[in-house]
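Note sheet for the following structure.
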Amino acid sequence: MTATVAPPRTPGTYLVGKYLLPAERVVIVQRRHYAAMAMPLAVFFGGFAVALFLDIALPTSAAGIRDLIWLAWSGTCFYLAWALLDWWFYRFVITNKRVMLVHGIILRQVDMMPMGKVTDMRYERSVPGRLLGYGAFIMESAGKDQALSRVPFISQPDWLYREICAMLFTPDLIAVAPADEDDGSGAGPGAYRVGWVGFGPDDEDPDAEAR
Numbered sequence: 434m435t436a437t438v439a440p441p442r443t444p445g446t447y448l449v450g451k452y453l454l455p456a457e458r459v460v461i462v463q464r465r466h467y468a469a470m471a472m473p474l475a476v477f478f479g480g481f482a483v484a485l486f487l488d489i490a491l492p493t494s495a496a497g498i499r500d501l502i503w504l505a506w507s508g509t510c511f512y513l514a515w516a517l518l519d520w521w522f523y524r525f526v527i528t529n530k531r532v533m534l535v536h537g538i539i540l541r542q543v544d545m546m547p548m549g550k551v552t553d554m555r556y557e558r559s560v561p562g563r564l565l566g567y568g569a570f571i572m573e574s575a576g577k578d579q580a581l582s583r584v585p586f587i588s589q590p591d592w593l594y595r596e597i598c599a600m601l602f603t604p605d606l607i608a609v610a611p612a613d614e615d616d617g618s619g620a621g622p623g624a625y626r627v628g629w630v631g632f633g634p635d636d637e638d639p640d641a642e643a644r
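Numbering-wise (this note's numbering), the sequence shown opens with residue 434 and increments by one.
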């Protein structure tokens, strides 16, 4: 019996491609919407405003307290940097076989749900979500306590919902994606439609910048 050896993976597929099966193809991959950074940015700038106010209001003799205040504010800088890195490495991936979440900075995690196991799916759009262009997906499957039960900050949720429904109910039809200038690097709306054939483990990751 001859063992099948998988071909070597092309450099640049480390974010998504290395988690794919040999015959699996990526259809859609995107980061979270920029609104996911709202809370870290609010903490950063809000903390700066409070620290600046206290620095001005405190008497000149309270130099030690000032140092402690700015030291505490520096913690918000680390929090913002961590949140930015987490946003950068986060990927919501839809392949022809499953839905995946690839996330984590130090500890990389891959949550997945087979497409055939999705029994129900809906999405929610709050008032800020309708204004800024994001929503949350709620997916149900035959099992319980699924990691992908709720996926927040989805970019272009109306279009993406139609794309997923087309894959579930009319998989033989090719959906046409809207014109999109973003390649997933954060320069556009945040979503990248690779095409129905997608890319596999041996192809370049479109999210990877030229090195």
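C-beta atoms are modelled at their ideal positions from N, C-alpha and C, and glycine is treated no differently. As the structure is a computational prediction, the values presented were derived from the model and not from experiment.
Count the other CB atoms within 10 Å of the CB of S507; is the residue buried (16 or more) or exposed (fewer)? Taking the sequence shown and counting its residues from 1, the one referred to as residue 507 is at position 74. Burial call: exposed.
Alpha carbon to alpha carbon, what distance is there between E557 and L518? Residue mapping note: residue 518 aligns to position 85 of the sequence shown, counting from 1. Residue mapping note: residue 557 aligns to position 124 of the sequence shown, counting from 1. If I take the Cα positions, the gap works out to 26 Å.
Cβ-Cβ separation, M554 to R531 (assumed contact under 8 Å), whole Å: As a first step, residue 531 is located in the sequence shown; it is residue number 98 there, counting from the start. As a first step, residue 554 is located in the sequence shown; it is residue number 121 there, counting from the start. Contact doesn't hold; Cβ gap of about 14 Å is too wide.
Counting Cβ pairs closer than 8 Å, one from the segment 478 to 492 and one from the segment 449 to 459, do we hit at least three? no
Coil, strand or helix - V584 by DSSP: Stepping through the sequence shown from its first residue, residue 584 is reached at position 151. In the structure shown, V584 sits in a strand (DSSP, three-state: E or B).
Please look up how many angstroms separate the CB atoms of F586 and A468, rounded, as I've assumed it's under 8 Å. By 1-based counting over the sequence shown, the position of residue 586 is 153. By 1-based counting over the sequence shown, the position of residue 468 is 35. Correct: roughly 6 Å between the Cβ atoms.
A620 by DSSP, collapsed to three states: which one? Counting from one through the sequence shown, the residue named residue 620 turns up at place 187. Caution applies to A620, whose pLDDT of 38 falls short of 50 and renders its modelled position unreliable; the value that the coordinates give is listed next. A620: coil per DSSP, three-state reduction.
At the level of alpha carbons, what is the spacing between M470 and T603? Against the sequence shown, residue 470 aligns to sequence position 37. Against the sequence shown, residue 603 aligns to sequence position 170. Their Cα atoms are separated by approximately 35 Å.
With C-beta atoms as the reference, is R583 less than 8 Å away from Y523? Taking the sequence shown and counting its residues from 1, one reaches residue 583 at position 150. Taking the sequence shown and counting its residues from 1, one reaches residue 523 at position 90. No; because the gap between Cβ atoms is not below 8 Å, this pair is not in contact.
Minimum C-alpha distance to V543 - residue among L504, L534 and C598: Indexing the sequence shown from 1 puts residue 543 at position 110. Checking every option, the nearest Cα to that of V543 belongs to L534.
T528 bridges to which residues according to DSSP? As a working mapping, residue 528 is identified with position 95 in the sequence shown. According to DSSP, which records beta bridges pairwise, T528 is partnered with V459.
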